[in-house]
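Engineer: Got a structure for you, questions after.
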């Protein structure tokens with residue numbers, strides 16, 4: 353999960369000709385004719401709803417005239433290549449990965465996985481990887497990192513990583529794999545298959561690691577889920593790759609750690625810390641809420657390797673509970689944190705009239721937290737650099753938040769109650785056009 357920003361860019365199909373310095377430059381557009389596209393994966397919720405990718409104009413929150421791309425019958429999780437020319441979409445009904453060419457806005461192929469996945473990476477336009485915890489291999493426990501060729505289609509390798517739940521890209525040639533109920537991190541070298549060299553290296557010494565954030569200098573900060581995932585203590589721990597083999601390095605205890613985002617030397621980390629999370633009443637910043645349990649946000653200074661918020665209720669930052677796995681930072685400093693399986697509070701039988709779901713917004717300027725009055729799991733976040741808005745997929749709806757107020761944007765000709773009206777159920781969101 354990283355901060356991303358939408359900017360206009362030229363792509364393919366109908367051309368525009370510009371003349372500058374006696375040179376003719378042709379700027380081409382895709383079939384939708386848009387240059388600020390956001391794609392939303394949409395599963396059908398009724399016989400009349402389309403299942404596929406919806407194309408949205410990120411300039412004004414409208415649907416494109418040619419507003420859909422075929423991508424299976426239940427598209428959800430998406431992953432983009434660095435060039436944003438290739439988009440992978442996981443179809444949960446068939447366990448297939450649909451390959452989409454974003455330039456032509458067309459499906460170019462499908463790759464059958466041996467089971468469901470909740471984690472994919474695309475290091476380039478040719479190779480991609482998915483963590484498949486149920487993948488069966490002879491003689492070893494289930495679980496693998498599945499290597500895919502997105503150009504020719506098909507699975508190229510199935511690399512045994514028992515219980516593989518999450519895959520994170522380190523570089524073009526190295527991956528990290530995280531397994532459920534494990535205290536180790538697996539380093540994967542996919543290009544060493546059939547070379548006689550080790551393809552995986554298991555590094556012990558962690559505490560239920562679930563993911564990692566890669567620093568600009570290549571430092572790997574592993575997120576230890578700790579007690580929330582059946583371990584002991586949540587923390588941020590360095591994976592030291594300067595040694596052979598790599599080793600577990602220094603750690604910083606935090607209140608909870610399942611998702612993180614790095615901004616300069618500040619690492620924002622969210623989680624629950626225990627299976628339930630702390631009582632909201634034990635954290636002053638939680639305020640008055642009908643929710644019994646809360647999650648926490650920690651702000652780690654990597655320069656000093658300290659977290660002043662750890663185990664200090666007076667300074668702990670309370671957010672909604674659930675399993676936090678979505679995080680994004682807007683261009684004006686609003687940190688959006690999403691979870692699933694949170695305590696949803698509606699107005700029914702609720703004397704306070706509180707509405708609360710799985711989204712929290714932390715203002716990095718004044719250190720305040722907003723819990724928007726919306727309900728449902730957060731399954732996608734997308735920020736912009738040219739507009740003060742954040743797209744949020746929550747409760748199968750596509751919400752548009754004004755990041756200057758942390759509220760849903762006002763109704764207009766295209767927006768109703770801060771929502772882009774789409775017939776199906778929205779799962780994930782990706783902005784395609786970037787510089």
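In the working numbering, the protein residues as written are 353 to 787. Where is the CB? At the ideal position from N, CA and C, for every residue including glycine.
Over the uninterrupted beta strand (DSSP E) stretch that includes residue 749, give me the two end residues.
Structural biologist: Per DSSP, residue 749 belongs to the beta strand (DSSP E) from 749-754.
Engineer: From the DSSP secondary-structure annotation, give me the bridge partner or partners of residue 530.
Structural biologist: The partner list for residue 530 (beta bridge, DSSP) reads 518, 537.
Engineer: Need the endpoints of the beta strand (DSSP E) that residue 613 sits in, please.
Structural biologist: Taken as a continuous stretch (DSSP letters only), the beta strand (DSSP E) holding residue 613 covers 611-615.
Engineer: Could you tell me which uninterrupted beta strand (DSSP E) segments, each at least 3 residues in length, are contained entirely in the region 580-654, listed from first to last along the chain?
Structural biologist: Taking only runs of at least 3 residues, the beta strand (DSSP E) segments lying wholly in the region 580-654 are 587-592, 599-605, 611-615, 618-623, 647-653.
Engineer: For chain C, is any of its Cβ atoms less than 9 Å away from the one on residue 492?
Structural biologist: Reference to chain C is not applicable here, since this structure consists of a single protein chain.
Engineer: Going by the DSSP bridge assignment, what does residue 458 pair with across the sheet?
Structural biologist: According to DSSP, residue 458 bridges with 453.
Engineer: Between 419, 619, 748, 734, which has its C-alpha nearest residue 688's C-alpha?
Structural biologist: It is 734 whose Cα lies nearest to the Cα of residue 688.
Engineer: What do you reckon, are the CB atoms on residue 665 and residue 645 nearer than 9 Å?
Structural biologist: Contact flag unset, no.
Engineer: In whole angstroms, what separates the C-alpha of residue 355 from that of residue 618?
Structural biologist: Since pLDDT at residue 355 reaches only 44, below the 50 mark, its modelled position is unreliable, and no value is offered.
Engineer: What separation, rounded to the nearest whole angstrom, lies between the Cα atoms of residue 499 and residue 452?
Structural biologist: Cα to Cα, residue 499 sits roughly 17 Å from residue 452.
Engineer: Take residue 515 as the anchor and find which of 541, 487, 523, 457 has the nearest alpha-carbon.
Structural biologist: Checked all of 541, 487, 523, 457; the closest Cα to residue 515 is 487.
Engineer: Looking at the structure shown, is residue 688 part of a helix, part of a strand, or coil, going by DSSP?
Structural biologist: Strand.
Engineer: Among 647, 578, 535, which has the Cα closest to the Cα of residue 721?
Structural biologist: Nearest of 647, 578, 535 to residue 721, Cα basis: 647.
Engineer: Run through DSSP, which three-state label would residue 578 get?
Structural biologist: DSSP places residue 578 in helix when its eight states are reduced to three.
Engineer: Quick check: what's the CA-CA separation for residue 697 versus residue 520?
Structural biologist: Distance between the alpha carbons of residue 697 and residue 520 is about 33 Å.
Engineer: Beta strand (DSSP E) containing residue 680: first to last residue?
Structural biologist: Taken as a continuous stretch (DSSP letters only), the beta strand (DSSP E) holding residue 680 covers 675-681.
Engineer: Any idea if residue 526 is buried or exposed, counting beta-carbon neighbours within 10 angstroms, 16 or more meaning buried?
Structural biologist: Residue 526 is buried by the Cβ-count criterion.
Engineer: State the start and end residues of the unbroken beta strand (DSSP E) segment that holds residue 475.
Structural biologist: It is not in any beta strand (DSSP E) - residue 475 carries neither H nor E in the DSSP assignment.
Engineer: Kindly indicate which three-state DSSP category residue 544 falls into: helix, strand or coil?
Structural biologist: Of the three classes helix, strand and coil, the one that applies to residue 544 here is helix, per DSSP.
Engineer: Using only the alpha-carbon positions, how far apart do residue 784 and residue 538 sit?
Structural biologist: Straight-line Cα distance between these residues: approximately 31 Å.
Engineer: In whole angstroms, what separates the C-alpha of residue 628 from that of residue 575?
Structural biologist: Those two C-alpha atoms are separated by around 18 Å.
Engineer: Classify residue 549: buried if its beta carbon has 16 or more other beta carbons within 10 angstroms, exposed otherwise.
Structural biologist: Under this definition residue 549 is an exposed residue.
Engineer: In angstroms, rounded to a whole number, what distance separates the CA positions of residue 753 and residue 634?
Structural biologist: When rounded, the distance between both Cα atoms is 30 Å.
Engineer: Would you call the region 574-588 and the region 477-494 in contact, with 3 or more CB pairs under 8 Å?
Structural biologist: The region 574-588 vs the region 477-494: no contact.
Engineer: For residue 391, list the residues DSSP reports as bridge partners.
Structural biologist: 407, 782.
Engineer: Using 9 Å as the threshold, is the C-beta distance between residue 430 and residue 782 below it?
Structural biologist: In contact: residue 430 and residue 782 (Cβ atoms closer than 9 Å).
Engineer: List the DSSP bridge partners of residue 735.
Structural biologist: BP columns for residue 735 point to 742.
Engineer: Ordered along the chain, which non-local residues of its own chain (more than five positions away) have a Cβ less than 6 Å from that of residue 363?
Structural biologist: With a pLDDT of only 38 at residue 363, under 50, the local geometry of the prediction cannot be trusted, and the value read off the model is given with reservation. Once the five neighbours on either side are set aside, the close Cβ partners of residue 363 are 382, 455.
Engineer: Taking only the alpha-carbon atoms, compute the straight-line gap between residue 425 and residue 463 and give it to the nearest angstrom.
Structural biologist: Spanning the two alpha carbons is a distance of roughly 14 Å.
Engineer: DSSP three-state label for residue 500, please.
Structural biologist: If DSSP states are grouped into helix, strand and coil, residue 500 belongs with the strands.
Engineer: Using the C-alpha atoms, what's the distance from residue 551 back to residue 472?
Structural biologist: Between residue 472 and residue 551, the C-alpha separation is close to 19 Å.
Engineer: Am I right that residue 413 and residue 767 are in contact with their C-beta atoms under 8 Å? What's the rounded C-beta distance?
Structural biologist: So it is a contact: roughly 6 Å between Cβ atoms.
Engineer: Let me know if residue 518 comes out buried or exposed under the rule of 16 or more other beta-carbons within 10 Å of its beta-carbon.
Structural biologist: Buried: at least 16 other Cβ atoms inside 10 Å.
Engineer: Reducing DSSP to helix, strand and coil, say where residue 429 ends up.
Structural biologist: Strand, per DSSP.
Engineer: Looking at residue 457: is its Cβ nearer than 9 Å to the Cβ of residue 427?
Structural biologist: Taking 9 Å as the Cβ cut-off, residue 457 and residue 427 do not qualify as a contacting pair.
Engineer: Could you check where the beta strand (DSSP E) with residue 439 kicks off and where it finishes?
Structural biologist: Start and end: 438-443.
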